[in-house]
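Read the structure below first, then the notes.
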């Protein structure tokens with residue numbers, strides 16, 4: 001699995017993705033990890049199918065005892081179906097996830113892990129040197145959904161927003177925004193159900209200082225591409241698969 | 001790893017539950033038939049005196065079988081839960097071993113070893129519990145067979161007693177015939193469950209020996 005450090009100052013952000021051992025037909029995912037000197041959190045740690053590759057990659061940077069927290073932006077299997085496998089090694093970790101999905105996520109073989117449900121209005125998490133904010137992103141695409149904002153690193157982990165359907169050897173960063181549009185358009189139009197929710201999210205996110213927009217699929221946006229993405233997304237009509245309107 | 005026996009346990013637990021639900025239905029029907037027989041022998045008066053203790057006995061047997069079926073069904077459900085747990089532990093262990101071999105050069109690889117050891121121990125405990133549970137279930141099935149053991153002798157006796165109940169012998173002979181058929185069916189369903197459990201136990205033992 002490819003590992004890229006996307007922030008490295010008093011603490012680090014890593015992205016894990018492009019797993020060459022992943023079976024065919026399984027969507028490629030980006031998993032993120034924030035490591036401070038006292039705590040480590042895995043953001044959207046991924047599905048069962050990539051668990052072994054992900055843990056193998058993680059162990060190059062932290063021990064299992066250092067992983068104190070998990071975050072699941074929503075309940076999809078590519079986000080957190082590996083939970084039952086992780087929790088055997090992380091008996092003391094907490095899972096931060098929308099309150100709405102707690103009882104659904106428990107279906108992923110979860111027995112012991114402590115849930116830290118995030119209320120609809122969002123929340124914060126103090127990891128020592130890093131201070132994270134859970135930004136509401138409901139209906140983008142799941143009805144209970146959060147993104148993770150790090151004001152110091154100016155990174156927004158944006159879940160499925162900004163996602164693209166890519167080939168397995170795609171670079172980790174967007175190189176040409178215009179070329180990226182074709183890979184993102186259908187994904188956002190089909191997976192995102194609500195124009196109102198989209199606009200509400202854009203209004204809130206425009207108030208944040210963002211250098212890196214890091215989605216769960218596809219490539220990471222940095223610098224001016226972040227604003228380009230927000231402008232493009234604002235114009236895009238979503239929720240298009242209504243049969244009678246086709 | 002032992003996925004074949006796991007699938008077998010899951011299927012067997014479901015099959016045993018299904019077989020036992022048929023047994024319960026038959027036992028209920030027996031109980032109703034016995035009530036009918038009691039009414040007939042009451043009407044037959046002294047001519048059917050010999051038939052009455054037989055109906056009491058059969059009624060007792062049907063109640064006992066129904067109680068055992070409820071107990072066994074609960075245990076079969078526990079068995080399938082345990083088999084699911086065993087599958088989870090087996091798959092987790094398999095994944096952790098993959099990581100252990102793939103991340104040999106990772107500086108934090110040793111941190112995974114205590115978790116792997118714990119999972120393996122849990123798997124062994126689960127395996128032991130499963131074997132014990134299957135053996136116990138087998139014994140409970142034996143109890144049903146024992147409860148119905150006297151039924152063949154009983155059906156001969158009831159035919160004899162039925163033939164003595166002048167004017168009512170035809171009705172009581174039908175009752176005796178139905179009871180005989182019902183107990184045969186119960187014994188067959190129970191035997192089939194027994195055989196399935198034994199074959200799972202055999203597979204588990206063979207795998208353990210490997």
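Chains as they are written, first to last, in our numbering: chain H, 1 to 246; chain Z, 1 to 210.
All C-beta atoms in this analysis are idealised placements derived from N, C-alpha and C, irrespective of residue type, glycine included.
In the DSSP assignment, what residue or residues form a beta bridge with residue i?
| i | result |
| --- | --- |
| residue 212 of chain H | H:155, H:222 |
| residue 114 of chain Z | Beta-bridge pairing links residue 114 of chain Z to no other residue. |
| residue 150 of chain H | H:155 |
| residue 139 of chain H | DSSP output for residue 139 of chain H lists no bridge partner at all. |
Please classify residue i: does DSSP put it in a helix, a strand, or coil?
| i | result |
| --- | --- |
| residue 4 of chain H | strand |
| residue 40 of chain H | strand |
| residue 133 of chain H | strand |
| residue 190 of chain Z | helix |
| residue 1 of chain Z | Caution is warranted here: a pLDDT of 47 is assigned to residue 1 of chain Z, below 50, making its placement in the model unreliable, and the coordinate value is therefore given only provisionally. Residue 1 of chain Z: coil per DSSP, three-state reduction. |
| residue 12 of chain Z | helix |
| residue 99 of chain Z | helix |
| residue 17 of chain H | strand |
| residue 123 of chain H | strand |
| residue 60 of chain H | coil |
| residue 68 of chain H | strand |
| residue 229 of chain H | helix |
| residue 12 of chain H | strand |
| residue 123 of chain Z | helix |
| residue 29 of chain H | coil |
| residue 246 of chain H | coil |
| residue 98 of chain H | strand |
| residue 117 of chain H | strand |
| residue 35 of chain H | strand |
| residue 19 of chain Z | helix |
Please return the same chain residues whose Cβ sits closer than 8 Å to the Cβ of residue i, not counting the five positions on each side in sequence.
| i | result |
| --- | --- |
| residue 101 of chain H | 72, 74, 75, 142, 144 |
| residue 133 of chain Z | 75, 78, 79, 82 |
| residue 56 of chain H | 1 |
| residue 43 of chain Z | 168 |
| residue 143 of chain Z | 68 |
| residue 166 of chain H | 28, 183, 217, 218, 219 |
Which same chain residues end up closer than 7 Å to residue i when comparing Cβ atoms and leaving out the 5 residues on each side of it in sequence?
| i | result |
| --- | --- |
| residue 1 of chain Z | For residue 1 of chain Z, the predicted model reports a pLDDT of 47, less than 50, meaning its position is unreliable; a value from the coordinates is still stated below. Result list for residue 1 of chain Z: 90, 94, in chain order. |
| residue 12 of chain Z | 196, 197, 200 |
| residue 181 of chain H | 232 |
| residue 145 of chain Z | 187, 190 |
| residue 49 of chain H | 22, 23, 26 |
| residue 45 of chain H | 31, 54, 70, 80, 82, 86 |
| residue 120 of chain Z | 93 |
| residue 62 of chain H | 35, 40 |
If you drop the 5 nearest sequence neighbours on each side, which residues of the same chain put their C-beta closer than 6 Å to that of residue i?
| i | result |
| --- | --- |
| residue 141 of chain Z | 190, 193, 194 |
| residue 30 of chain H | 15, 17, 216 |
| residue 21 of chain H | 53 |
| residue 42 of chain H | 33, 70 |
| residue 26 of chain Z | 182, 185, 186 |
| residue 109 of chain Z | 103 |
| residue 152 of chain H | none |
| residue 177 of chain Z | none |
| residue 133 of chain H | 124, 149 |
Using the beta-carbon of each residue, which ones in chain B are nearer than 9 Å to residue i?
| i | result |
| --- | --- |
| residue 107 of chain H | Reference to chain B is not applicable here, since the protein chains of this structure are H and Z. |
**OP:** Evaluate contact between the segment 113-121 of chain Z and the segment 67-84 of chain Z, counting only Cβ atoms and requiring at least three cross-stretch pairs below 8 Å.
**Re:** no
Original post:
Should the segment 97-106 of chain Z be regarded as contacting the segment 123-136 of chain Z, the criterion being three or more beta carbon pairs within less than 8 Å?
Top reply: no
Original post:
Taking three-plus beta-carbon pairs below 8 Å as touching, is the segment 11-29 of chain Z in contact with the segment 162-171 of chain Z?
Top reply: no
**OP:** Count the CB pairs spanning the segment 156-166 of chain Z and the segment 44-54 of chain Z that are closer than 8 Å, and state whether there are at least three.
**Re:** yes
**OP:** Say whether the segment 77-84 of chain H touches the segment 101-111 of chain H, bearing in mind that this needs 3 or more beta-carbon pairs closer than 8 Å, one atom from each stretch.
**Re:** yes
Original post:
Quick one, which residues of the segment 83-115 of chain Z are near chain H if we go by CB-CB under 7 Å, in chain order?
Top reply: 88, 92, 95, 98, 99, 102, 103, 106, 107, 108, 109, 111, 112, 115
Subject >> Interfacial residues, the segment 84-100 of chain H to chain Z, with Cβ spacing under 8 Å >> reply: 84, 85, 88, 89
**OP:** Please determine if the segment 219-229 of chain H and the segment 160-177 of chain H are in contact, where contact requires at least 3 C-beta pairs separated by less than 8 Å.
**Re:** yes
Subject >> the segment 117-147 of chain Z: positions lying closer than 9 Å to chain H by Cβ >> reply: 118, 119, 122
**OP:** Count the C-beta pairs between the segment 108-128 of chain H and the segment 176-190 of chain H that are closer than 8 Å, then say yes if the count reaches three, no if not.
**Re:** no
Subject >> Cβ-based contacts, 7 Å cut-off: residues of the segment 42-65 of chain H near chain Z >> reply: 51, 52, 55, 56, 59, 60, 62, 63, 64, 65
Original post:
If we count Cβ pairs, one from each stretch, closer than 8 Å, do we get three or more for the segment 190-203 of chain H versus the segment 227-244 of chain H?
Top reply: yes
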